[in-house]
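In UniProt numbering, the protein residues as written are 1 to 504. Yeah, the Cβ is synthetic: ideal placement off N, Cα and C, and Gly gets one too. Note that the structure is a prediction, hence the values are computed from the model and not measured.
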Amino acid sequence: MELPSGSLRVRVYAGVDPLTGKRHYLTETVPAGRNAQREAEKVRTRFLNEVDEKRSPRTRATLNQLLDKWLDVADIEPTTRMGYENKLNKHVRPVLGKLSLNRLDAETLDSFYASLRRCRDRCGGKTSVTHRLAGDHTCTARCRPHVCKPLSPSSVRQIHWILSGALSRALRWRWIAVNPAAQAEPPAPPHPDPQPPNPTDAARIITESWRDPDWGALVWLAMTTGARRGELCALRWHHLDLAAGVLTLRRSAYLDANGELQEKDTKTHQQRRVALDPETVAVLTELHARYVDRLAQLDATADPADYVFSPEPDNSRGYRPDTITQRYGRLAKRLRIDSHIHALRHYSATELINAGVDVRTVAGRLGHGGGGTTTLRGLRGVALRIRPTRRRHPRRPDAATSFCTDASAFDERPLSTDCEGNTRSYPCWPTKTWRTTAHHLRVGYSLRRFRRHSPPSHGNSQGGRPGFCQSGPPGNREFLYARKSTLPKFILLASPGRMTTSRV
Numbered sequence: 001m002e003l004p005s006g007s008l009r010v011r012v013y014a015g016v017d018p019l020t021g022k023r024h025y026l027t028e029t030v031p032a033g034r035n036a037q038r039e040a041e042k043v044r045t046r047f048l049n050e051v052d053e054k055r056s057p058r059t060r061a062t063l064n065q066l067l068d069k070w071l072d073v074a075d076i077e078p079t080t081r082m083g084y085e086n087k088l089n090k091h092v093r094p095v096l097g098k099l100s101l102n103r104l105d106a107e108t109l110d111s112f113y114a115s116l117r118r119c120r121d122r123c124g125g126k127t128s129v130t131h132r133l134a135g136d137h138t139c140t141a142r143c144r145p146h147v148c149k150p151l152s153p154s155s156v157r158q159i160h161w162i163l164s165g166a167l168s169r170a171l172r173w174r175w176i177a178v179n180p181a182a183q184a185e186p187p188a189p190p191h192p193d194p195q196p197p198n199p200t201d202a203a204r205i206i207t208e209s210w211r212d213p214d215w216g217a218l219v220w221l222a223m224t225t226g227a228r229r230g231e232l233c234a235l236r237w238h239h240l241d242l243a244a245g246v247l248t249l250r251r252s253a254y255l256d257a258n259g260e261l262q263e264k265d266t267k268t269h270q271q272r273r274v275a276l277d278p279e280t281v282a283v284l285t286e287l288h289a290r291y292v293d294r295l296a297q298l299d300a301t302a303d304p305a306d307y308v309f310s311p312e313p314d315n316s317r318g319y320r321p322d323t324i325t326q327r328y329g330r331l332a333k334r335l336r337i338d339s340h341i342h343a344l345r346h347y348s349a350t351e352l353i354n355a356g357v358d359v360r361t362v363a364g365r366l367g368h369g370g371g372g373t374t375t376l377r378g379l380r381g382v383a384l385r386i387r388p389t390r391r392r393h394p395r396r397p398d399a400a401t402s403f404c405t406d407a408s409a410f411d412e413r414p415l416s417t418d419c420e421g422n423t424r425s426y427p428c429w430p431t432k433t434w435r436t437t438a439h440h441l442r443v444g445y446s447l448r449r450f451r452r453h454s455p456p457s458h459g460n461s462q463g464g465r466p467g468f469c470q471s472g473p474p475g476n477r478e479f480l481y482a483r484k485s486t487l488p489k490f491i492l493l494a495s496p497g498r499m500t501t502s503r504v
């Protein structure tokens with residue numbers, strides 16, 4: 001098509017817009033000139049090839065339309081969806097929502113990320129007043145001059161990955177020809193700097209929380225198991241095996257869009273069993289006794305499906321996760337400790353790593369999805385800074401005493417025959433020790449690796465397996481959550497008064 005200016009407009013039909021149902025055309029204008037006809041033919045050929053190869057955009061949709069369509073078909077958790085919608089409605093839609101997808105490029109996204117890092121409200125350096133109320137009102141002391149607060153790098157990265165997911169879907173749908181988010185550069189991930197409470201502050205937190213025994217039991221369990229707040233809110237009595245000292249975490253509580261309490265799978269969609277130490281078992285036993293006494297006063301009977309932690313006298317309803325966060329925040333504020341409820345999870349991980357437990361085993365106990373995660377690597381750095389000086393080779397009496405309450409079990413030494421035919425005994429002692437006791441709390445289990453010291457030319461004269469050390473009665477194994485690929489060939493699971501061995 002020739003325009004009045006002499007330029008040529010090339011227009012090729014590219015199908016029907018899936019959103020509007022209108023015909024979609026690829027259009028480009030070639031400036032007037034001696035070679036205009038030849039250039040127009042090249043453009044037409046390129047457009048036809050793109051249509052044939054299905055590489056051309058099929059829609060003139062805006063970013064808002066894409067986000068609506070993507071959220072409608074995305075298979076994500078309800079809590080994840082609410083987080084996405086909150087970030088999109090607060091930061092993305094007001095700025096980029098009406099922009100056409102074919103005008104969205106990497107330069108636009110980089111500028112958008114930079115503006116968020118300068119000011120989360122994108123004020124542009126203009127002076128304004130931050131109002132606490134919407135609409136017409138009389139300003140009070142709560143309406144203050146605007147102060148620029150940058151959006152954290154982690155939040156900007158989350159926005160980038162949300163947009164990247166939506167634009168990747170648009171590329172697959174052929175709404176766009178190139179994903180601009182793949183070419184944009186989000187902020188570098190921040191170095192993990194968890195701030196778990198130190199042992200002194202942890203002891204103060206426990207002491208203060210025990211003013212209410214039920215609340216103290218919740219804080220204690222959060223410290224010793226590292227469970228998430230949603231997992232504690234969804235914990236029911238049938239998830240506890242106090243006789244075996246095992247806690248099963250399989251559900252997590254959350255609030256839906258209407259503010260109603262709901263339950264779902266855990267964050268990693270896996271259930272895990274966590275061994276409990278005797279002190280924690282005693283705390284939960286007393287908690288259950290108080291629960292039964294309350295039901296007796298109410299002329300009700302105990303139900304295994306009742307919640308372990310509940311604001312109701314009959315434990316028929318669990319806590320809201322934000323209630324636990326707010327109550328713990330008020331407790332920490334009274335003690336003038338800079339801490340939050342998730343810091344107790346960091347505290348548990350730090351104490352385990354400080355005791356020598358490898359990162360992957362700690363990740364399994366805490367329910368991390370990717371094994372040694374960035375946070376755990378940061379916590380290992382914290383643990384290394386506070387780890388006390390230790391002997392390279394612990395003395396045998398100390399190792400035996402610290403490992404089993406019945407130290408006499410170490411007197412059962414395997415016998416072997418030397419080269420002269422004399423029967424001799426060879427002791428067993430730890431060659432490498434992992435202890436999981438906190439400074440003020442016993443975190444729940446002890447793990448040791450043993451090696452049998454005997455002449456290499458002679459096997460086990462008692463019929464045992466080489467490299468196998470066992471003392472105490474067989475059976476009565478205590479379950480411990482761990483990843484088999486990260487444990488030594490032989491592990492020994494210990495509980496007070498007995499030791500058992502297990503091959504993994």
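Strand pairing of residue i, partner residues [DSSP]
i: residue 3; result: Looking at the DSSP assignment, residue 3 forms no beta bridge with any residue, so it has no partner.
i: residue 307; result: 236
i: residue 152; result: Answer is none; residue 152 lacks a bridge partner.
i: residue 130; result: 144
i: residue 48; result: DSSP output for residue 48 lists no bridge partner at all.
i: residue 43; result: Bridge partners of residue 43: none, in fact.
i: residue 28; result: 10
Limits of the alpha helix (DSSP H) - the one that residue i falls within
i: residue 322; result: 321 to 334
i: residue 341; result: 341 to 354
i: residue 181; result: No alpha helix (DSSP H) holds residue 181; DSSP gives it neither H nor E.
i: residue 140; result: It is not in any alpha helix (DSSP H) - residue 140 carries neither H nor E in the DSSP assignment.
i: residue 201; result: 199 to 209
i: residue 70; result: 63 to 73
i: residue 364; result: 359 to 366
Cβ-based burial, residue i [other Cβ within 10 Å; buried from 16]
i: residue 223; result: buried
i: residue 410; result: The predicted position of residue 410 is uncertain, since its pLDDT is 34 and thus under 50; a value taken from the coordinates is nonetheless stated next. Residue 410 comes out buried.
i: residue 466; result: Unreliable placement is indicated for residue 466, whose pLDDT of 36 sits below 50; no coordinate value is reported for it.
i: residue 80; result: exposed
i: residue 277; result: buried
i: residue 361; result: buried
i: residue 180; result: buried
i: residue 266; result: buried
i: residue 305; result: exposed
i: residue 317; result: exposed
i: residue 254; result: buried
i: residue 334; result: exposed
i: residue 228; result: buried
i: residue 134; result: exposed
i: residue 107; result: exposed
i: residue 331; result: buried
i: residue 161; result: exposed
i: residue 10; result: buried
i: residue 5; result: exposed
i: residue 137; result: exposed
i: residue 282; result: exposed
i: residue 364; result: buried
Candidates the options: closest to residue i by CA position
i: residue 322; options: 365, 261 and 314; result: 261
i: residue 225; options: 352, 48 and 141; result: 352
i: residue 158; options: 116, 138 and 143; result: 116
i: residue 43; options: 73, 8 and 63; result: 8
i: residue 173; options: 201, 143, 69 and 98; result: 69
i: residue 239; options: 110, 62 and 250; result: 250
i: residue 13; options: 268, 26 and 5; result: 26
i: residue 257; options: 84, 188, 37 and 11; result: 84
i: residue 269; options: 357, 192 and 76; result: 76
i: residue 198; options: 337, 363 and 6; result: 337
i: residue 221; options: 152, 279 and 22; result: 279
i: residue 187; options: 168, 3 and 109; result: 109
i: residue 176; options: 60, 303 and 203; result: 60
Residue i: CB within 7 Å of a non-hydrogen atom of the ligand HEM
i: residue 142; result: This structure simply doesn't include the ligand HEM, nor any ligand for that matter.
Chain C contact for residue i (CB, 8 Å cutoff)
i: residue 346; result: Given the protein chain composition of this structure (a single chain), no chain C is represented.
request  = Starting from the N-terminal side, write out each stretch of the beta strand (DSSP E) that is 3 residues or longer and does not extend beyond the segment 217 to 296.
outcome  = Segments of the beta strand (DSSP E) lying fully in the segment 217 to 296: 246 to 249, 251 to 255, 261 to 265 and 272 to 275.
inquiry  = List, from N- to C-terminal side, the alpha helix (DSSP H) runs of 4 residues or more that fit wholly inside the segment 82 to 118.
reply    = Fully enclosed alpha helix (DSSP H) runs of 4 or longer: 93 to 96 and 106 to 118.
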